[in-house]
Amino acid sequence: MRWLTVSMVVTGGVLAGCSVPGEAVDVPAPPAVRAVVVWSNSLCAKAKSVDELRGQANAAIEPAQAERYLDGITSSVDDLVADLKDVEPTRIASADGYVSGLVKALETIRPRLPASNDPAVSGLPEAQKVSKARQIAAVVAEIAPQVPLLASVAGGTPELDTAYDLAPGCDPVGPRAPARQSVVWADSMCATAKAVQGLPAAVPQVSADLLGSAELGMFISSGESRVKELSESVGKLAPIGVKAADEYRSRMQAALKDAAGKLPRDVGMRDFWSVPTDARKAEAGKVVEAYGLIRPTAAGLDLAVRTDAALGAAYDLAPRCTPAGASELPPARNGSDLGSCASGTCQVQVTGRAEVTIDGRLFVVTVRDGGVSVANGTAVTRMQSGSGSSSFGQTGGKTVRFRVLGLTATSTVLSISST
């Protein structure tokens, strides 16, 4: 816990239990609040994203990289602005002032950025593409470095200081609080448990055409990598010193290892195209069976951590954990009113499958197997994480962006904007 030094001056009598007039007194900083830990974790990620964009000014840019940068920089800035505007205010003046200041800085440079996927850019000679990319990167670099700025705001704000240091995605501005290790442990284990619970429980229903074959092949070939990623995540966590929690971790690690040995080897999606459909479905069934070996292991994390008061408290602060009685999804500003999206801006909850019309364009949103798919005509994107995003451009028209604010196995909260 951080301590604050306060100078107290007493007049007109004696203040019992305090220092003499004018003497510095150390008082503990306010305890961390979950909402502020979540805010800090989110803002640290966004500050790092801004600084990564700024870093392009000093990077060696090749012609191909230059074109990709020019095509995507405006969308990246627009996504950051939209994400920042979706951040729930903390009611802490310095924290909310930081967010509004960063939004203003990004919106200030926005008019000087190139249009996304501008045909004029692709037609430029290579040398001009590189020159243009460096010019635009210099514009983005006019924004002040955000990671140190955010750390400075946190370090100077008592209500934010402790929460910031506990947030897994932030680099502490002072000595590491003992509770940080427990918060990081709980946050990572919660993310793994939710990912395991969201693993597909059935072979996907696909069309009989080439697109269906590709989807089925992707499902099979991704099994090994998904389980390997989860196993690596658990393997990075050292025992936390709480018997029930460490036993939970060991069970999860063993289940992932066992399942990995039963999965078809990842040989790439294309290798499955020449395999008969029935054989592909049989392979996909093996993937589902392997997932089924892991899924039951994910239950009980909340009970395991609550065998220790300190770890239970850390669990309640961890951004990717869901404290008892709390909703797994953030509130959606427009509820489940999909009609509110017709104007081009909305924040809605979608369960299962839904059709959404934005600026006269029809999109089909499907929540399945712990992921969100968005389809528009022949274009389909899939977002697996609770913070994914995707964009659908239109020649001569607007770009529609979908951002995942929260995700469970069957429901999601989406922020949708059209620019």
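For the sequence shown, this note's numbering begins at 281 and goes up steadily by one. Every residue gets a Cβ at the ideal spot worked out from N, C-alpha and C, and that includes glycine. What you are looking at is a predicted structure, and each value in this text was computed from that prediction instead of being measured.
- Just measuring C-alpha positions, the residue of I416, R545, D588 sitting nearest V522 is D588.
- By the C-beta criterion, the stretch 556-572 is judged not to be in contact with the stretch 448-464, since fewer than 3 inter-stretch pairs fall below 8 Å.
- Burial state of P448 is buried, judged by a 10 Å Cβ sphere holding 16 or more other Cβ atoms.
- With the rule of 3 Cβ pairs closer than 8 Å, the stretch 472-480 does not count as touching the stretch 610-621.
- Following the DSSP letters along the chain, one finds G640 in no alpha helix (DSSP H), marked with neither H nor E.
- The beta carbon of V330 lies closer than 8 Å to those of L360, L382, L386, I423, Q426 in the same chain, with the five residues before and after it left out.
- Between the stretch 344-364 and the stretch 464-474 there are fewer than three inter-stretch CB-CB distances shorter than 8 Å, so the stretches are not counted as touching.
- For G651, the beta-bridge partners assigned by DSSP are R648.
- Selection A524, I372, V419, T354 evaluated against G580 yields A524 as nearest (Cα-Cα).
- Residue state for Q629 is assigned as strand, using DSSP reduced to three classes.
- When the alpha-carbon of E347 is set against those of G497, A312, L429, V401, the nearest one is in V401.
- Comparing alpha-carbon positions, the option among K508, V367, R648, R641 lying closest to T692 turns out to be R648.
- If you look at I696, you'll find it in the beta strand (DSSP E) that goes 691-698.
- Contact check for A443 and V317: beta-carbon distance about 5 Å, within the 8 Å limit, so the pair qualifies.
- Here the stretch 535-547 lies against the stretch 496-509, with 3 or more beta-carbon pairs under 8 Å apart.
- At least 8 Å separates the beta-carbon of S698 from that of S355.
- Residue A634 holds the alpha-carbon nearest to the alpha-carbon of N656 among G668, A634, G650.
- Residue state for E635 is assigned as strand, using DSSP reduced to three classes.
- Counting only runs of 3+ residues, no beta strand (DSSP E) is found wholly inside the stretch 423-482.
- In this structure, the CA atom of S374 is about 17 Å from the CA atom of C450.
- Boundaries for A606: no beta strand (DSSP E) harbours it, and the DSSP string shows neither H nor E there.
- Within the stretch 343-393, the complete alpha helix (DSSP H) segments at least 4 residues long are 343-366, 373-389, listed from N- to C-terminus.
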